[in-house]
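Asks: Residue numbers (my numbering): -8 to 114.
Even glycine gets a Cβ: it sits at the ideal position worked out from N, Cα and C.
Structure incoming, see below.
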């Protein structure tokens, strides 16, 4: 496993945690309260990173289990989602509510193409 993949996985894990937080309308501060940690602790791991170093602190196993428990989700589910995202970063869209595959041009045409013919003046 290379350093680049490890960084993508770490970023994807944070993305998945934030997606679950978004689904529950839960802030970093609120999640911190649920797991007994400060808002700064959560910010260091999920947001801008450590104020002294400017780097995000990597989520450890204890954090992962506490966060997953607070979100009511199995930690394996979070890591599997992150693994999928990290394995193929070029074909996903990251957003507040997780990741989704990019639509292919054919998919877009199928959605945009009407299924019924346009009515004419004679109809």
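Give a yes or no on whether the C-beta atoms belonging to residue 4 and residue 61 are separated by under 7 Å.
Replies: Within the chain shown, numbered from 1, the residue matching residue 4 stands at position 13. Within the chain shown, numbered from 1, the residue matching residue 61 stands at position 70. Contact: no.
Asks: On the three-state DSSP scale, how would you describe residue 101?
Replies: As a first step, residue 101 must be located in the chain shown, where it is residue number 110. Residue placement at residue 101 is flagged as unreliable, the pLDDT there being 49, under the threshold of 50; the coordinate-derived value follows with that caveat. Residue 101 falls in the helix class under three-state DSSP.
Asks: Specify the secondary structure class of residue 50 as computed by DSSP and reduced to three states.
Replies: To locate residue 50, count along the chain shown from 1; it is residue 59. Residue 50: coil per DSSP, three-state reduction.
Asks: Within 10 angstroms of the Cβ of residue 8, are there 16 or more other Cβ atoms? Answer buried if so, exposed if not.
Replies: Walking along the chain shown from the start, residue 8 turns up at place 17. Its Cβ being crowded by 16 or more others within 10 Å, residue 8 is buried.
Asks: Hey, residue 38 and residue 19 are a contact pair by Cβ (cut 8 Å); roughly how many whole angstroms apart?
Replies: The residue given as residue 38 occupies position 47 in the chain shown. The residue given as residue 19 occupies position 28 in the chain shown. Indeed, because the Cβ distance is near 6 Å, the residues count as touching under 8 Å.
Asks: Of the residues 72, 73 and 56, which one's Cα is nearest the Cα of residue 66?
Replies: By one-based count along the chain shown, residue 66 stands at place 75. Ranking 72, 73 and 56 by Cα distance to residue 66 puts 56 first.
Asks: Is the beta carbon of residue 35 less than 7 Å from the beta carbon of residue 52?
Replies: Here residue 35 is taken as the residue at index 44 of the chain shown, counted from 1. Here residue 52 is taken as the residue at index 61 of the chain shown, counted from 1. Taking 7 Å as the Cβ cut-off, residue 35 and residue 52 do not qualify as a contacting pair.
Asks: Which of the three DSSP states is assigned to residue 35 in this structure?
Replies: Position 44 of the chain shown, counted from the first residue, corresponds to residue 35. Three-state DSSP puts residue 35 in a helix.
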